[in-house]
Amino acid sequence: MTEAPKPIRNDSLVESITKAKEEASKENTVKMLNEIVRAKLLAPVTLDREPVTEGEDGQVILEKDTTVSFELIKATNGDLYYPVFTHGEELRKCSSEQNQRSMIVNFEDLANMILGQGNAVRGFSINPMGDNICFTAEMIKSMIDDMKREAGE
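Whatever position you read off the sequence shown (first residue = 1), add 227 for the numbering used here.
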């Protein structure tokens, strides 16, 4: 018998966001950025067809050619952002749908999605109905450049 998948939790990320908001020191900001780069986040998605089966590990398996559409939110200035969430409770704050589908994404996934489509989507927002920490394409590019410099590339 297989175990049910563990829910996504990012307690250290949530803690680092809280600390960075309380005291915007360089140390707290760097810790938060490091946690974001390591985190697995939930992104709400819409599928054009229902998943066919469930894998042994509890993950959903999509039928070939299933279209996955990531949901977007609009800022007051009209800019579009991908909403992402640190855990299920935050995701539920943003969605009234009972059977909301979500996909696990990480910083690299988000960076590729945002930087790969020009200026269509401005960035991503972590917990938009709570902490609402926004990362623009420029911030993401800067973070990637810093990581490459640190790695000696």
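No residue lacks a Cβ here, since even glycine has one placed at the ideal position from N, Cα and C.
F312 is the residue among Q344, G379, F312, E317 whose C-alpha sits nearest the C-alpha of I263. Judged by pairs of C-beta atoms under 8 Å, the stretch 288 to 304 touches the stretch 267 to 277, as three or more such pairs exist. Using a 10 angstroms sphere on the CB of V257, the tally of other CB atoms stays under 16, which defines it as exposed. Within the same chain, Cβ atoms closer than 8 Å to the Cβ of R236 are found at T313, H314, the five residues on either side in sequence being excluded.
Per the DSSP secondary-structure output, S329 pairs in a beta bridge with P271.
Under the DSSP assignment, F362 falls in the beta strand (DSSP E) whose first and last residues are 360 to 363.
Per DSSP, S252 lies in no beta strand (DSSP E) segment and is marked neither H nor E.
Judged by DSSP secondary structure, L307 falls within the beta strand (DSSP E) whose first and last residues are 307 to 311. Cβ contact annotation for I367 (same chain, cutoff 7 Å, sequence separation greater than five): A338, I341, L342, G350, in chain order.
K258 sits in a helix when the DSSP states are folded into three classes. DSSP, read as helix, strand or coil, puts G350 in strand. Membership of E317 in the alpha helix (DSSP H) is indicated by the continuous run 315 to 321.
When the five nearest sequence neighbours on each side are left out, the beta carbons in the same chain lying within less than 7 Å of the beta carbon of S329 are those of L269, A270, P271, V272, L318, in order along the chain. In the assembly as shown, N346 is an exposed residue. Its beta-carbon has fewer than 16 other beta-carbons within 10 Å. Taking each of Y309, D372, E335 in turn and checking the Cα distance to P355, the smallest one comes out for Y309.
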